[in-house]
Every structure is written in structure tokens, then in C-alpha cells.
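Taking it in order: structure first as C-alpha cells, then the write-up.
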Amino acid sequence: MARKLIVGNWKMNGTLVSNTRLLREIRDDSTIQASQIDAAVCVPFLHVPEAQVILMDSALRLGVQDISAFRDGAFTGEISADMAGEFGVQYAVVGHSERRIYHGETPKTVGEKALRAIEAGITPVVCVGETQQERESGCARETVEIQLVAALDSLTTDQARGLVLAYEPVWAIGTGRSASAQQAQEMHGFLREVLRSRAESLASVTILYGGSVKPSTAAELFAQDDIDGALVGGASLEAAQFLDIVHLAASPAVAPM
Ligand code: PEP
Numbered sequence: 254m255a256r257k258l259i260v261g262n263w264k265m266n267g268t269l270v271s272n273t274r275l276l277r278e279i280r281d282d283s284t285i286q287a288s289q290i291d292a293a294v295c296v297p298f299l300h301v302p303e304a305q306v307i308l309m310d311s312a313l314r315l316g317v318q319d320i321s322a323f324r325d326g327a328f329t330g331e332i333s334a335d336m337a338g339e340f341g342v343q344y345a346v347v348g349h350s351e352r353r354i355y356h357g358e359t360p361k362t363v364g365e366k367a368l369r370a371i372e373a374g375i376t377p378v379v380c381v382g383e384t385q386q387e388r389e390s391g392c393a394r395e396t397v398e399i400q401l402v403a404a405l406d407s408l409t410t411d412q413a414r415g416l417v418l419a420y421e422p423v424w425a426i427g428t429g430r431s432a433s434a435q436q437a438q439e440m441h442g443f444l445r446e447v448l449r450s451r452a453e454s455l456a457s458v459t460i461l462y463g464g465s466v467k468p469s470t471a472a473e474l475f476a477q478d479d480i481d482g483a484l485v486g487g488a489s490l491e492a493a494q495f496l497d498i499v500h501l502a503a504s505p506a507v508a509p510m
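Letter by letter, the sequence shown follows residues 254 to 510 of the working numbering.
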């Protein structure tokens, strides 16, 4: 079992003042400072320059919540992966269900975003997940496979080895209703098989679970064979909750032997 990765997704929350305070509290945690865990926070774009300064020489990594599918040009309002990279951004969430639903992002667009991130030296956190309706109609696996394969189709095998995958069932995001550890493990195992069927070397891609992760549910999730960490939304907005999750991921009970 590899070292776990915990990524916070702050979404469009906070102010410069409150997010600066939150970032400092997370940064100063001794488990993070001692690099006993891989952890990142994906902040709003406008807070990136301040966050870069706060995280200078810190083990806590900086991420963003999206990037453009294009390298540069006439794309009003977009931020390119290269621009994010100039500010020390190391992770970019791509294909979050909120982007797919509210901004019409297609699996192909998400694949292009993943490629842009990798070209810029940024690790894309590619989100896949089924809706409640898709789960109830028995096509959850098919849905996430289509999303994953579209992302893989945009990348060479070497590039794909550098991505992080996040299984985020849409029905679990922001609802307080996490997938059970068994449901999550079942889907993670399936995603790992899809990766392995592409290339044996892709079987070791990091697969995060996201969807209402809280300290009370994290330990059981982290004990599953194919859950390599978490993408945390709501619970990443409070330092104590986020750090509890970080500590559970770093604890010997789930650490590699
Ligand atoms: C997310 O938005 O990626 C997420 C997992 O949110 P939450 O933890 O609030 O469900």
C-alpha cells in the first residue's frame, strides 16, 4: 500500500483573509511539516499568489480547482496550466462533477485539461463519478469507465502514469452521504483494472475517493486496498477536520509496512 495523498478542494469559499488563516493552520501541522503524508489544498485562483508565498518551503502543496483545455489564446476568462505553473501550482483538479454539470465539460475536454496539466508539469487530479440515477440504473461502472478512458485517450502511457484519479460519486458530493467503504473499494478496484488493462504500469496510479469524506468515515475508507487517499471538499474548509483526516491517513493503521 503506497503512501496516502489527501487533497482539499476549497471550491468558491472564503475570503483572502479567512483562506490565508486556514492555509497557515493547515501548513503548520506537525504531520504535514514532517512530510509524513502527501497533502495539497486547491485554492481559488485569485488566492494562488498569496498561497504560493505562505507555502514557500512547506511540505503542503498548492493546487487549483480547474485549468483551461487550451494552451493560450482568445479564451476570455480562462487560466492556462502554464500560468498556474508559474505560481508553483503542483495539482489541478480537472473534470470535477460541478464543472461537468454546470459548465458542460465533456469527457474529451477533461482529457485535454489533463494533458495541458501534464505538459505544464502539474499533476492533474482527474475526477470521475456516476450520478444517483446512473447508479440506480446499473450503469455506474460504464459511466466512470467512459470518463476514465476519455482521459487516458488524451495521454501517452508515460503521461498517464503521472495522473491522480479521483472517484467521486456525484450523489455523495456535498450531500453528507459518503459511499460506504465497500462501495468505494468496489469501484476503485474496477478503476484499477481499467488502468491495468491499458498498461500494467498504470495499475499503480493513485486513486482518491471523494464525496462527503469526514474524520468519522475516513479510517474505514483508508483501510481499503485500492483507496490511496481522499479528495475532500466541505471538511477541508475547517483546519481541525481536514487535519483529522490527514492524521488518519498518516496513521500506522493504514501506513505501508
Ligand atoms: C468535492 O467537491 O470534491 C468533494 C468531495 O466535496 P465534499 O467532500 O464536500 O463532498
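Note that the Cβ used here is the ideal one computed from N, Cα and C, for glycine as well.
Item to complete: In the DSSP assignment, find the unbroken alpha helix (DSSP H) run with ALA337 in it and report its ends.
Response: Along the sequence shown, one-based indexing puts residue 337 at 84. Segment 334-339, the alpha helix (DSSP H) holding ALA337.
Worksheet item: ALA493 by DSSP, collapsed to three states: which one?
Response: In the sequence shown, the residue the question calls residue 493 occupies position 240. Of the three classes helix, strand and coil, the one that applies to ALA493 here is helix, per DSSP.
Fill in: Proximity below 8 Å, CB of ALA483 to CB of ILE498
As a working mapping, residue 483 is identified with position 230 in the sequence shown. As a working mapping, residue 498 is identified with position 245 in the sequence shown. Yes, Cβ-Cβ distance for ALA483 and ILE498 is below 8 Å.
Discussion item. Is any non-hydrogen atom of the ligand PEP found closer than 7 Å to the C-beta of ASN262, if you look at the structure I gave you?
Written reply: Taking the first residue of the sequence shown as position 1, residue 262 is located at position 9. Yes, Cβ of ASN262 sits closer than 7 Å to a heavy atom of the ligand PEP.
Worksheet item: Is SER465 near the ligand PEP, going by C-beta to nearest heavy atom under 7 Å?
Response: In the sequence shown, residue 465 corresponds to position 212, counting from 1. Yes, since a heavy atom of the ligand PEP falls inside the 7 Å radius drawn around the Cβ of SER465.
Fill in: Stretch-stretch touch, CB-based, cutoff 8 Å, three pairs: the stretch 450-470 with the stretch 414-421
yes
Practice prompt. Please work out which residues of its chain come closer than 6 Å, Cβ to Cβ, to MET510, disregarding the five sequence neighbours upstream and downstream, and give them in chain order.
Written response: In the sequence shown, residue 510 corresponds to position 257, counting from 1. Below a pLDDT of 50, predicted positions are generally treated as unreliable, and MET510, at 41, falls in that range; no measurement from the model is reported.
Discussion item. I need the straight-line Cα distance from THR273 to THR459, nearest angstrom please.
Written reply: As a first step, residue 273 is located in the sequence shown; it is residue number 20 there, counting from the start. As a first step, residue 459 is located in the sequence shown; it is residue number 206 there, counting from the start. Taking the straight line joining both Cα atoms gives about 28 Å.
Worksheet entry | Buried or exposed (CB count within 10 angstroms, at least 16 for buried), LYS240 | Nothing about residue 240 can be reported from this structure: the residues present for the chain run from 254 to 510 only.
Discussion item. Tell me whether the stretch 347-354 and the stretch 273-285 touch, counting them as touching only if at least three CB pairs, one residue from each stretch, are closer than 8 Å.
Written reply: no
Discussion item. Does the beta-carbon of GLY357, which I'm using as the reference point, lie nearer than 7 Å to any heavy atom of the ligand PEP?
Written reply: Reading the sequence shown from its first residue, position 104 is the one you call residue 357. Checking the Cβ of GLY357 against the ligand PEP gives no.
Worksheet item: Taking the C-alpha atoms as reference points, what is the distance between SER271 and LEU313?
Response: Taking the first residue of the sequence shown as 1, we reach residue 271 at position 18. Taking the first residue of the sequence shown as 1, we reach residue 313 at position 60. Straight-line Cα distance between these residues: approximately 18 Å.
Discussion item. For ALA508 and ASP479, I'd like the C-alpha separation in whole angstroms.
Written reply: Numbered from its first residue, the sequence shown carries residue 508 at position 255. Numbered from its first residue, the sequence shown carries residue 479 at position 226. Per-residue confidence for ALA508 stands at a pLDDT of 45, beneath the threshold of 50, marking its modelled position as unreliable; the derived number appears in the next sentence. Their backbone Cα atoms lie some 13 Å apart in a straight line.
Worksheet item: In terms of DSSP beta bridges, what is ALA292 paired with?
Response: If you number the sequence shown from 1, residue 292 lands on position 39. ALA292 pairs with ILE259.
Fill in: Test item: CB-CB of SER431 and GLY261 under 8 Å
Translated into positions along the sequence shown, residue 431 becomes position 178. Translated into positions along the sequence shown, residue 261 becomes position 8. No, Cβ-Cβ distance for SER431 and GLY261 is not below 8 Å.
Discussion item. Considering only the alpha carbon of each residue, which of VAL294, ALA322, THR362 and CYS295 lies closest to ALA403?
Written reply: As a position in the sequence shown, residue 403 is number 150, starting the count at 1. That would be THR362, whose Cα lies nearest to the Cα of ALA403.
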